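To start, the structure under review is shown below, and the notes come after it.
Number of protein chains: 2
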Amino acid sequence: MTAQPFPVSEIVTSRRPHRKDAARNYDALLTAAREAFAENGAEASLEDIARRAGVGIGTLYRNFPTRRHLFESVYAGEVNDLCRVAHEVAELEPWEALSAWLRRFVGYTVTKRAVREALNDESEIFLACRDSMYQAGGPLFERAQKSGEAREDMDFDDLLRMVAGITATNFLDDAQRDRVLAVALDGVRTAR
Amino acid sequence: MTAQPFPVSEIVTSRRPHRKDAARNYDALLTAAREAFAENGAEASLEDIARRAGVGIGTLYRNFPTRRHLFESVYAGEVNDLCRVAHEVAELEPWEALSAWLRRFVGYTVTKRAVREALNDESEIFLACRDSMYQAGGPLFERAQKSGEAREDMDFDDLLRMVAGITATNFLDDAQRDRVLAVALDGVRTAR
DNA sequence: GTTGAAGCGGAGGTTTGCCTCCGCTACAGT
DNA sequence: ACTGTAGCGGAGGCAAACCTCCGCTTCAAC
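Chains as they are written, first to last, in the numbering used here: chain A, 90 to 281; chain B, 90 to 281.
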């Protein structure tokens, strides 16, 4: 949520301010935005986000001149986390590592809800974020392919979109989501 | 698009008017709405729909008092079609029948785009539509299960949500969508 | 043809969200 | 402690979409 020394955050447009109160507001906005985007999708009301964060609408616009700036900052934060997780799971067995990482991927609610709208987006930041996420997660998939556990006739982009699509859907409950995801991943796995 | 003698349409709220011009407008609205919903999701502008249909906004509201009436009418039409298709494919081999039906399911763009928002909806009409769709499509799935081609540890609702989720996502192109869908369906199939 | 009623359509009031602007506040450097 | 400036916040103007209402049009029954 705050700054961290990872590739993606360098690119991100708006910088966390230096003054103490301002920095607090910045963080509050990011948190509020993540919540709002998760709840209402990428179209969430900016005024509502400012209200949640307990700041004026002016403050929101100063930190994030456009809705896109805000959205991209939140998105970049999640991508960053995912990149870090990819490093953390690298020591597990191939398939285990991949599916652990995908489970984390599922947990990122902003991306989950908005990825459907944003995944085709051409903006520089989105592309950069996707790149670094693909660089972090892709090897996990390739490793699983090399070890013979993941099928060869699909690529990492296919996989991510599949998982994103499934997790963006409404389910009766979390159990159903997990069940469906497991079925789909069985399709990714080669002969069991 | 117009009236047809199938279960669901009985329940639908708004009736096609008798007068010739009125009936034409009604159909035009339904067509325009389907287009608009497919393009912009369930939040499409009603004024835009009226414009596309070449009628005044007042006419739209007379036929469909609320956005929901309109949406439900379009939805019901697609459900109807799907029910009919289910009968048509009944003579094919079990797995073939199921996947042929699902391919048609994928083609229904309104449902596809909006199902994610609507599939948990509690409205009477939605429930009724889902019921009749499940009654039409469910047997195809059960047949595939009995013949040993579909796994037993998931139900038809799981399957539909999985397919809906995947097809509602953005893909680079249709080829990718088909590829991903095929992978997921491989997960549904039992040992090949 | 006449005529009554069903249907039409869009002007306009209302709401909701976007974004700018500027007088006020409070931080941090000296 | 003082003070310049970065930062605050919300009033208010604008745009978009919603929905109602009512005078005009057009159908179809006779």
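A virtual CB, placed ideally from N, CA and C, is assigned to each residue, including glycine. These numbers come from a predicted model, not from an experiment.
Item: Where B:Arg278 sits in the DSSP three-state scheme; Value: strand
Item: B:Asn152 classed as buried or exposed, judged by whether at least 16 other C-beta atoms fall within 10 angstroms; Value: buried
Item: is_contact[A:Asn259, chain B] using C-beta, thresh 7 Å; Value: yes
Item: B:Glu99, buried or exposed, once every other Cβ within 10 Å from all chains shown has been counted against 16; Value: Low confidence applies here, because B:Glu99 scores a pLDDT of 45, under 50, leaving its location unreliable; read the following figure in that light. It counts as exposed.
Item: From B:Leu119, B:Leu270, B:Arg113, B:Arg157, residue whose alpha carbon lies closest to that of B:Ala131; Value: B:Arg157
Item: Cutoff 7 Å: B:Arg113 Cβ touching any chain A Cβ; Value: no
Item: Among A:Phe230, A:Ala186, A:Glu124, A:Arg113, the one whose alpha carbon lies nearest that of A:Val163; Value: A:Glu124
Item: Other residues of its chain near A:Ala189: CB distance less than 7 Å, five sequence neighbours each side excluded; Value: Val178, Leu181
Item: For A:Gly227, the nearest candidate out of A:Leu171, A:Asp263, A:Asp210, A:Leu119 (CA to CA); Value: A:Leu171
Item: Straight-line Cα distance separating A:Arg192 from B:Leu208; Value: 24 Å
Item: Given 8 Å, three or more beta-carbon pairs between the segment 253-272 of chain B and the segment 238-248 of chain A; Value: yes
Item: Contact list for A:Gly254 against chain B, beta-carbon separation under 8 Å; Value: Gly254, Ile255, Thr256, Ala257, Thr258, Val269
Item: The alpha helix (DSSP H) enclosing A:Val252, as first and last residue numbers; Value: 245-257
Item: According to DSSP, residues forming a beta bridge with B:Ala239; Value: B:Arg278
Item: For B:Phe126 and B:Val199, believed in contact at Cβ under 8 Å, the rounded distance; Value: 5 Å
Item: Contact with chain A by B:Met243, beta-carbon distance below 7 Å; Value: yes
Item: DSSP-derived helix/strand/coil call for A:His176; Value: helix
Item: A:Glu182 - DSSP class collapsed to helix/strand/coil; Value: coil
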